[in-house]
Amino acid sequence: TAEQFQHGALSGKRVFITAGPTREPLDPVRFISNHSSGKMGYALAEAAADAGADVRLISGPVNLPSPPRVECVQVESAEQMLAASLDGVEQCDIFIAAAAVADYRPVAVAEHKIKKGSEEIMELRLIKNPDIVATVAGLERQRPFTVGFAAETRDVLEYARSKLERKGLDLIIANDVSNPDIGFNSDDNAVTLVSTATTLTLPLGPKRLLARQLIDQIAEHFHRKSQ
Ligand code: CTP
Ligand code: CA
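In my numbering, the protein residues as written are 1194 to 1420.
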């Protein structure tokens, strides 16, 4: 609406957002993944576009329509999500990592469907995926203002602060996923925004409302830092 365009807190800014799960293939018919719905990332993309940003949404497989006025890049694996995130990142002002990236992928992808053997127990060998948001935050030239999420089931703020530091982020959005009514698959969420100097808790609300508040906060921190 006109009211949202007037707002324009991110007018002319280029924003990349990762969203959804990744899928790590085992063979041509199987993969390892998680239950991320992509709702938070998609809501952030819509809110950022409404705030006037030029938005690229880099998404794993989800069941959501592309938000209007948002460029969508579909990926599957973490490695593909990293490549898509680095493509054009020199032009990116703000990078928001809302994706639930698989921490590990199978060491090898079988060319043909893996057959059931006679053994009762089968073991999978996994190798660590690249950390996308840490890679972006660590760029030496043209590093964007970088925002991550921390989905935790306990010691939420402590873990969030350590991730902020370890990954070299500007902001982290801490998310308590121990309550099944909020987080991952739900329409509602409650988060705390943490920077090295500030902590702000946003109350439980629909992800779309929360996304607007988060974009306002991210814009404020971004503009404060660029001054
Ligand atoms: N992330 C990422 N690439 C990865 C793993 C995580 O970009 N390979 C990003 C997520 O999108 C999120 C932030 O890092 O913004 C934190 O993700 P999370 O899974 O909470 O943290 P991890 O570092 O993977 O630690 P753990 O899962 O052990 O808590
Ligand atoms: Ca993880």
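Even glycine gets a Cβ: it sits at the ideal position worked out from N, Cα and C.
Quantities reported herein were computed from a predicted structural model and do not represent experimental measurements.
6 Å Cβ shell around residue i - same chain, five flanking residues per side excluded
i, result
"I1366", "F1342, V1384 and L1386"
"L1257", "G1231 and Y1235"
"S1226", "P1214 and R1216"
"L1393", "L1386"
"F1288", "F1209, V1329, P1337 and T1339"
"A1238", "I1210, V1248, L1250, P1260 and V1263"
"Q1410", "L1386"
Secondary structure of residue i, DSSP reduced to three states
i, result
"E1269", "coil"
"S1379", "coil"
"S1419", "helix"
"A1291", "coil"
"S1230", "coil"
"F1198", "Only weak support is given to the placement of F1198: the predicted model assigns it a pLDDT of 47, under 50, and the value that follows is read from those uncertain coordinates. If DSSP states are grouped into helix, strand and coil, F1198 belongs with the helices."
"S1252", "strand"
"D1324", "coil"
"L1357", "helix"
"V1340", "strand"
"E1316", "coil"
"V1208", "strand"
"E1217", "strand"
"R1401", "helix"
"A1367", "strand"
"L1386", "strand"
Local Cβ density within 10 Å of residue i, reported as buried at 16 or more and exposed below that
i, result
"V1349", "buried"
"T1346", "exposed"
"T1194", "Bear in mind that a pLDDT of 48 at T1194, under 50, signals an unreliable position, so the number given afterwards is only what the model happens to contain. Answer is exposed; the Cβ neighbour count stays below 16."
"A1404", "buried"
"P1260", "buried"
"R1249", "buried"
"N1368", "buried"
"A1390", "exposed"
"A1246", "buried"
Cβ-heavy atom distance, residue i to ligand 1, below 7 Å
i, result
"F1338", "no"
"G1361", "no"
"N1322", "yes"
"A1291", "yes"
"I1325", "yes"
"T1211", "yes"
"F1415", "no"
"F1342", "yes"
"A1271", "yes"
"K1356", "yes"
Contact test: residue i Cβ vs ligand 2 heavy atom, cutoff 7 Å
i, result
"D1296", "yes"
Test: residue i CB closer than 8 Å to a CB of chain C
i, result
"Q1335", "The chain inventory of the structure shown lacks chain C, comprising one protein chain alone."
Contact set for residue i: own chain, Cβ-Cβ below 8 Å, skip 5 residues either direction
i, result
"V1300", "R1318, L1319 and I1320"
"M1274", "T1211, T1215, I1251, G1253, V1268, A1292, V1294 and I1325"
"G1361", "A1327, A1330, G1331 and T1339"
7 Å Cβ shell around residue i - same chain, five flanking residues per side excluded
i, result
"P1396", "A1383"
"F1224", "R1216, E1217 and P1218"
"V1222", "K1306"
Check your understanding: Can we say the stretch 1323-1335 touches the stretch 1276-1288, given the rule of at least three CB pairs closer than 8 Å?
Key -> yes
Review point. How about the stretch 1303-1319 and the stretch 1262-1275: do they share at least three Cβ pairs that are nearer than 8 Å?
Key: no
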